[in-house]
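Numbering (the working numbering), first residue to last: 26 to 319.
Yeah, the Cβ is synthetic: ideal placement off N, Cα and C, and Gly gets one too.
Inspection log for the structure reproduced underneath, given as structure tokens.
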């Protein structure tokens, strides 16, 4: 068992930028004693072209994003940003291959679910989960059903768009109804929650959503385990406690174990005003995945 990280990659950001670069190194450090934490490999360019529009990728690898496109992304475009995104997507692909071999794959990055086939937005240059699924289909001979359980506080709009007409992929998104993105895409199952939703209401909604997804009988599950659902998150607007997040993860892992399907865990969002809470919540998710499923 191993995990992948982008902590070895730098990313210069403007002073005061809210992107939580600290958490990638922090989570990798917190898990070091439990399993090997390896630098995420760069995703094959061919994998990107399987999922994303060629014109978009050619622009990224050529002149890069315009100022307007960078504003939509929320990050200034740079070669360092592009490199990090290539390795984050590569980590998810490597974790997916691990999951098919061992039952569990872990990427301490990824979950960039706002990227569309032809555009970047919401801190997401590439949709790493979509890239992995397209590669598994085209290059690894995988033809099974895929469930994406997206429990980031924000709707996985890009992922929903990628698979809106694909009956072999079921997208489930539990998110803040009034939160970003303002224009939601249609997942196979969307559960919108009011601002301030706490542990019990959240867990009740999650139980119902997982029960509906069970009928899909997936052969592989991707779990976007964002911790921006925690109370005090700068962007999440929900109000789970650390114990509530643990119970959320416990339900997901119990659900996956009952299915007998391989699981890929990706990091997703987390922007708590207390950086230690963000790091510990992410690390706790991966620890629980290991103890529950490894």
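Enclosing beta strand (DSSP E) for residue i [first to last residue]
i: residue 30; result: 28 to 30
i: residue 64; result: 62 to 64
i: residue 68; result: Neither: residue 68 is in no beta strand (DSSP E) and is coded neither H nor E.
i: residue 288; result: 288 to 291
Residue nearest to residue i in terms of C-alpha spacing, selected from the options
i: residue 240; options: 63, 224, 283; result: 283
i: residue 61; options: 69, 52, 68, 230; result: 52
i: residue 177; options: 111, 319, 202, 67; result: 202
i: residue 199; options: 152, 310, 277, 296; result: 277
i: residue 209; options: 189, 193, 194; result: 189
i: residue 34; options: 48, 42, 27; result: 48
i: residue 50; options: 134, 74, 100; result: 134
i: residue 30; options: 163, 132, 77; result: 132
i: residue 42; options: 195, 259, 302, 193; result: 259
i: residue 78; options: 144, 128, 119; result: 144
i: residue 117; options: 161, 217, 297, 275; result: 161
i: residue 250; options: 257, 236, 231; result: 231
i: residue 383; options: 297, 45, 279; result: What is shown of the chain runs 26 to 319, which leaves residue 383 out entirely.
i: residue 16; options: 308, 294, 312; result: In the structure as shown, the chain starts at 26 and stops at 319, and residue 16 therefore has no counterpart that could be examined.
Host alpha helix (DSSP H) of residue i (start-end)
i: residue 200; result: Unbroken run through residue 200 is the beta strand (DSSP E), 194 to 201; no alpha helix (DSSP H).
i: residue 52; result: 47 to 56
i: residue 96; result: 92 to 98
i: residue 82; result: 79 to 86
i: residue 307; result: 300 to 318
i: residue 275; result: 267 to 284
i: residue 183; result: 182 to 187
Cα-Cα separation, residue i to residue j
i: residue 108; j: residue 57; result: 23 Å
i: residue 223; j: residue 265; result: 5 Å
i: residue 121; j: residue 286; result: 12 Å
i: residue 114; j: residue 64; result: 12 Å
i: residue 205; j: residue 172; result: 23 Å
i: residue 289; j: residue 243; result: 13 Å
i: residue 124; j: residue 273; result: 21 Å
i: residue 55; j: residue 305; result: 8 Å
i: residue 111; j: residue 72; result: 10 Å
i: residue 98; j: residue 219; result: 25 Å
i: residue 307; j: residue 275; result: 13 Å
Alpha helix (DSSP H) segments (min. 4 residues) lying fully within the stretch 124 to 179: Within the stretch 124 to 179, the complete alpha helix (DSSP H) segments of 4 residues or longer fall at 153 to 164, listed in chain order.
- prompt: Enumerated in chain order, which unbroken segments of the beta strand (DSSP E) with a length of 3 residues or greater are wholly contained in the stretch 209 to 253?
  reply: Runs of the beta strand (DSSP E) inside the stretch 209 to 253: 214 to 218, 245 to 249.
- prompt: Does the count of Cβ pairs from the stretch 89 to 107 and the stretch 37 to 47 closer than 8 Å reach three?
  reply: The stretch 89 to 107 is in contact with the stretch 37 to 47.
query: Between the stretch 221 to 237 and the stretch 132 to 152, do three or more beta carbon pairs fall short of 8 Å?
result: At 8 Å Cβ cutoff, the stretches do not touch.
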